[in-house]
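>
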Amino acid sequence: MLNRRQVLLLVGLLVLMALMVGCSKDDDDSPTGSNNDTNPTGLVTLTGIISDAVTGNPIQGVTVTLTGPTSQSVERTEMRETALSPGYTWVDITDSAGVYTFAGVPTGDYSLAATGSGFIAATSSVSVDDQTEEVTITDNISISPEMAVGQYRFVLSWGETPYDLDAHYWKDTFHVYWPSSSRGDSTAEPFARLDIDDVTGWGPETITIYQLPTTGTCKYAIKNYSQDALPVGAHVDIYSGSSRIASHDVPTSGTGRWWYVCDLTSSGTLSVHNTILDEPPVYYTPPGPTAAVPAKSPLR
Ligand SMILES: [Ca+2]
22 MLNRRQVLLL VGLLVLMALM VGCSKDDDDS PTGSNNDTNP TGLVTLTGII SDAVTGNPIQ
82 GVTVTLTGPT SQSVERTEMR ETALSPGYTW VDITDSAGVY TFAGVPTGDY SLAATGSGFI
142 AATSSVSVDD QTEEVTITDN ISISPEMAVG QYRFVLSWGE TPYDLDAHYW KDTFHVYWPS
202 SSRGDSTAEP FARLDIDDVT GWGPETITIY QLPTTGTCKY AIKNYSQDAL PVGAHVDIYS
262 GSSRIASHDV PTSGTGRWWY VCDLTSSGTL SVHNTILDEP PVYYTPPGPT AAVPAKSPLR
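Below you can see the structure in the form of structure tokens.
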């Protein structure tokens, strides 16, 4: 038989073990809710890679915040009765591979934000439809390093397909685009460089403008190198200094391989066109014999 002292010790030990189990549950990889008045049990896992828009490299330690649902656009099934409060947020920190993950996300429309030290915050919209089985949604996001005042950056992103969209920045005296001899110069005209030519889907495909042209107007457009039609979901973010100053989705009407996004003048005026064209908005003929532009290999 246990005496009173032994019984108290045993009870204390059991309480301590219960507390340890509770602590270990907080150490798993589940996102933490800052407004955790519900217990999400959705069937969707939302994941993606946060990358540097200039280098394309994944970034560790970025804070990713999922906020929502902003609306319940889809009727719930019996399997998915969980309701989240408006403004409910989850927070995750990217790992060494730049990956964030939110598991058990219920139906709804969400806002996804990525913030990292030295980078301009980026946001994305995510719609989670009603599901009857577990699915994974991928949303890769590129974030731009902050720049000096007067500098600009065009960041193109899209989905898994097509493999290759190409960014072009040019006027009648220069053309910045993917061939190695045409990627520009940060210290001499055109004072712009193609940082990344992405050929494997998603992007980013990035052009940084280190200085405005001394005269004239530059044009920025996207060519679909892989397919005839531009993909739904292609997106351009335009940054200046430490801010995002514009954001455009590819138009859903029009036919052609060219998406004419905007003009940038020598005074820093940004004029939006956002139209689909069969031909590029400007032609540039380099002085002297014109060398044939090599085809990418492989062409996909
Ligand atoms: Ca490309």
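Here this note's numbering is used: the first residue of the sequence shown is 22, the next is one more, and so on.
Every residue gets a Cβ at the ideal spot worked out from N, C-alpha and C, and that includes glycine.
(1) So, is T157 buried or exposed, given that buried needs 16 or more other C-beta atoms within 10 angstroms?
(2) Which complete alpha helix (DSSP H) runs does the stretch 230-267 hold, if anything under 4 residues is left out?
(3) Do you know how far the Cα of L64 is from the Cα of M100?
(4) Compute the distance between the beta-carbons of L67 and V147, then report whether it is under 8 Å.
(5) Do A213 and Y231 have their CB atoms nearer than 8 Å?
(6) Buried or exposed: which applies to V253, given that a residue is buried once 16 or more other Cβ atoms fall within 10 Å of its Cβ?
(7) Using the beta-carbon count (16 or more within 10 Å), is N78 buried or exposed?
(8) Ignore the nearest five residues each way along the sequence and tell me which others in V83's own chain have a CB closer than 8 Å to its CB.
(9) Might you give, ordered along the chain, the residues of its own chain that have their beta carbon closer than 6 Å to the beta carbon of S94, omitting 5 neighbours on each side?
(10) Using the beta-carbon count (16 or more within 10 Å), is P183 buried or exposed?
(11) Is DSSP giving S72 helix, strand or coil here?
(12) According to DSSP, P166 sits in a beta bridge with which residue or residues?
(13) Measuring straight from C-alpha to C-alpha, what distance separates W199 and D187?
(14) For T208, which option in W191, P234, I217 has the closest C-alpha, if you only look at C-alpha atoms?
(15) Following a CB-centred definition, is Y246 positioned closer than 7 Å to any heavy atom of ligand 1?
Reading from the atomic positions:
(1) exposed
(2) none
(3) Caution applies to M100, whose pLDDT of 40 falls short of 50 and renders its modelled position unreliable; the value that the coordinates give is listed next. About 9 Å.
(4) yes
(5) yes
(6) exposed
(7) exposed
(8) I71, I114, T115, G119, Y121, A135, T136, G137, F140, I164
(9) Any reading at S94 must be qualified, since the residue scores a pLDDT of 43, below 50, and its modelled position is unreliable; no value is offered.
(10) buried
(11) strand
(12) F140
(13) 7 Å
(14) P234
(15) yes
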